[in-house]
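**Q**
Residue numbers (my numbering): 23 to 564.
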C-alpha cells in the first residue's frame, strides 16, 4: 500500500492526490496515484503554455521569449535598432511613453542612455558617474542679438547657479551675452543636499564666464554658428544640431579596475551586478587535487601566479604581475580577467582565454597541428607562440610572432611577422600592409580572406605609459568603415565586438533621427569630464 505522504512527480498531480479522501489514498496500490500523476503532467504542460503565452505578451517580462520581440515591435509600430536583446526589450516597453514625449530633451537623453549603454560597469559603485549622458542643444549656444524688454527667467529655471546679492544685471544667465567675462570661471557644479537629505540637481556657475574646459559638456559659451561638417570635435554649435555628450568607452579598464571593490564588508547583494573583485589577503596555494580556482580576486602588484601541477581556472580576477603555467596534460581557462604582465605557458594542453586583457601572451611549447591557445573577445599587448593559435575577435596592440594562426574578426595593430605557407587562415581581419601582401601572393593559396590594411585609430593610444589605460584598444568613432563594420556578422573588428560599441552608437543615431524634429541631427561626443566628480559649492546668498 502507498502512503499519503508519497509524491506523484507532478505539481498539480500531487495536489490532486492530496485532495482525495484519506481512505482512497490508504487503499491505493499505486495505480490511482500514477493516474493522477499523468493527469497532473498534462495540466502542468497546459499551465506552462498559458504562463508562457502570458509572459510573451509583455516584452519586459523576464520569461518572455526573444523571438516574440519582432512581432510585438510590428504590433506597436516600433523599429528595433538595438543590437542586443535586453535593449530591444527596453525599446518595446518604453515605446509608448517615448512616443508621447517625442522630441523633448528628456526623451532624447533617455534614448541615448538606454540604447547606447554608456554607463561604466565598475567594480565599486562609488566610481560610477551619476550622469552618463548629457544633452546640449545647439541653438542655446548660438550668439544672437538681445531683445530689449524681454522678461528674464530665474537662473534656476535655466539650470544656472543664482547670482550673489549685488551682482550686476549684465551677469544674469538669461542674457544672450557673447562676450566672455574673463573674471569668472564657467563650469558645472554640484550643490550640497537639502535639509531632508534629498539631492539637488547640478547647476552652471557663471554662465558668461570663461569655460573651464572648452568644447566639453559644461562649455556654454556663445559662439557663431559652426557650419563645418559635424563630428565629435566640430560643428556642434548650430541651431539644427544637438550634441549628445556621453561617457567614453573604457573597454576592459573602467576607473578603479586595479583596486576592485573597496567598500567595507559586508556588502549588500545587488541582483543587477555580478560579484565584484576584491582584495582578499594573500594568494591561496595550489591545491593537491582538483582545479586551481581563482575567482573575484584583485592580487597586489608584483604577485605572480605559478601553476605547476593542477589545471588553472581563473575567473574575474586582476593580476598585476605574471602568470606561469607549467602543468602538463591539463587544460587551463582564463575568463573575464586582467593580467598586466605576461602569461607564459610552457607545458600543458590548450589554454582558453575569454573576455580578458593580457599584457603579453607567450606559448613556448607546442606543435603546428595542435591548438596551443584559443583566445576569444580579448585584448593582447603582444603574442608570441611556437604552437597553433586560434584567435576570434582579438586585438593585438604590438608584435605578433606566431608560427601558425587561425584568426577571425581580429585586429593586428602592430607588427606581424608573416609565415606564409604554414596553413594560416586570416578572415575578416586587419593586418599590416606588408603582412597582408605576404599572405595574398598571386599564384599561391590565399591565407587572408576579406581582410583590410586600414590603420586603426584607438580612443586611448596603445603607446600610453602602461597597459591598462581606460579605453585601451577601443576603436575611435572616426575609424575606417572596414574596422567599425567589417566583421563577418557586420560588427566591429577586435576585442570589443561582443560589447557592440559601434553598433550601439549607430543605433543611438538612428533612433535619434526618428525622435528629433525634422531637419535636426544629433552628434555623439565622448567626454571624459562626465566621469569626473563635480566640485561642490554653496549657493550664494541672494
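Even glycine gets a Cβ: it sits at the ideal position worked out from N, Cα and C. Just so it is clear, the structure is predicted and the values come from calculations on it, not from any experiment.
#1: Can you give me the Cβ contacts of residue 487 inside the same chain, cut-off strictly under 7 angstroms, excluding the 5 residues immediately before and after it?
#2: Considering only residues of the same chain and omitting the five flanking positions on each side of residue 533, which have a CB-CB separation below 7 angstroms?
#3: Would you call the stretch 167-181 in contact with the stretch 514-523, where contact means no fewer than 3 C-beta pairs closer than 8 angstroms?
#4: What number of angstroms, rounded off, separates the C-alpha of residue 454 from the C-alpha of residue 306?
#5: So if DSSP puts residue 382 in a beta bridge, which residue, or which two residues, is it bridged to?
#6: On the criterion of 16 or more Cβ atoms from any shown chain inside 10 Å, does residue 82 qualify as buried, or is it exposed?
#7: With distances taken Cα to Cα, identify the nearest neighbour of residue 124 among 558, 550, 547 and 536.
#8: Could you give the residue range of the beta strand (DSSP E) that holds residue 546?
#9: Expressed to the nearest angstrom, what Euclidean distance is found between the alpha-carbon atoms of residue 523 and residue 267?
#10: Exposed or buried, what is residue 241 when buried is set at 16 or more other beta-carbons lying within 10 Å of its beta-carbon?
#11: Going by C-alpha to C-alpha distance, which of 46, 150, 221 and 58 sits closest to residue 34?
#12: Over what stretch of residues does the alpha helix (DSSP H) that includes residue 157 continue unbroken?
#13: Tell whether a beta-carbon distance below 8 angstroms holds between residue 280 and residue 340.
#14: Measure the CB-CB distance between residue 405 and residue 424 and report whether it falls below 8 angstroms.
#15: Could you tell me which uninterrupted alpha helix (DSSP H) segments, each at least 4 residues in length, are contained entirely in the stretch 493-545, listed from first to last along the chain?
#16: Are the beta-carbon atoms belonging to residue 253 and residue 527 less than 8 angstroms from one another?
#17: Does the pairing of the stretch 78-94 with the stretch 209-228 give three or more beta-carbon distances under 8 angstroms?
#18: Taking Cβ to Cβ, would you say residue 396 is nearer than 8 angstroms to residue 418?
#19: Kindly list the residues whose CB is nearer than 8 angstroms to the CB of residue 28, restricted to its own chain and excluding five residues on each side of it in sequence; keep chain order.
#20: May I ask you to verify whether the stretch 243-253 touches the stretch 144-156, counting CB pairs closer than 8 angstroms and requiring at least 3?
#21: Okay, do the stretch 36-56 and the stretch 66-78 touch, 3+ Cβ pairs below 8 angstroms being the bar?
#22: Is it buried or exposed, residue 101, if we count other Cβ atoms within 10 angstroms and call 16 or more buried?
#23: Who are the near neighbours of residue 485 in its chain, counting only those whose CB is closer than 7 angstroms to its CB and skipping five residues on each side?
#24: Residues in the same chain with beta-carbon distance under 6 angstroms from residue 422, minus the five sequence neighbours each way, listed in chain order, please.
#25: Give me the Cα-Cα distance between residue 135 and residue 116, rounded to the nearest whole angstrom.
#26: Secondary structure at residue 177, three-state DSSP: helix, strand or coil?
#27: Taking the alpha helix (DSSP H) that residue 61 falls in, what are its first and last residues?
**A** This is what the structure gives:
#1: Interpretation of residue 487 is limited by its pLDDT of 46, a score under 50 that renders its predicted location unreliable; the figure taken from the coordinates is listed afterwards. The same chain holds no residue with a CB closer than 7 angstroms to that of residue 487 once the five nearest residues on each side in sequence are set aside.
#2: So the list reads 103, 133 and 137, once near-sequence residues are dropped.
#3: Contact between the stretch 167-181 and the stretch 514-523 is absent, because fewer than three Cβ pairs lie under 8 angstroms.
#4: Distance between residue 454 and residue 306, taken at the CA atoms: about 43 angstroms.
#5: Per DSSP, 364 and 404.
#6: Result: exposed.
#7: Nearest of 558, 550, 547 and 536 to residue 124, Cα basis: 536.
#8: Its beta strand (DSSP E) spans residues 543-548.
#9: Rounded to the nearest angstrom, the two C-alpha atoms are 15 angstroms apart.
#10: Classification for residue 241: buried.
#11: Selected option, being the one with the closest Cα: 58.
#12: Note, residue 157: premise wrong, no alpha helix (DSSP H); beta strand (DSSP E) at 155-159.
#13: Yes, these two residues count as a Cβ contact at 8 angstroms.
#14: Between residue 405 and residue 424, the CB-CB gap stays under 8 angstroms.
#15: DSSP runs (the alpha helix (DSSP H)) wholly in the stretch 493-545: 503-506 and 523-537.
#16: No. Outside cutoff.
#17: No: the two stretches stay apart, fewer than three of their Cβ pairs being nearer than 8 angstroms.
#18: A distance of 8 angstroms or more separates the beta carbons of residue 396 and residue 418.
#19: For residue 28, the predicted model reports a pLDDT of 48, less than 50, meaning its position is unreliable; a value from the coordinates is still stated below. 55, listed in sequence order.
#20: Judged by Cβ distances under 8 angstroms, the stretch 243-253 makes no contact with the stretch 144-156, as fewer than three pairs qualify.
#21: Too few Cβ pairs lie closer than 8 angstroms, so no.
#22: Taking a 10 Å sphere around the C-beta of residue 101, we find fewer than 16 other C-beta atoms and assign the residue as exposed.
#23: Confidence is the limiting factor: at residue 485 the pLDDT is only 48, short of 50, which leaves the residue's position unreliable, though a coordinate-based value still follows. There are no such residues.
#24: Excluding residues within five positions, the ones whose Cβ falls inside 6 angstroms are 405, 434 and 438.
#25: Distance between the alpha carbons of residue 135 and residue 116 is about 13 angstroms.
#26: Here residue 177 sits in helix by DSSP.
#27: Bounds of the alpha helix (DSSP H) holding residue 61 are 53-78.
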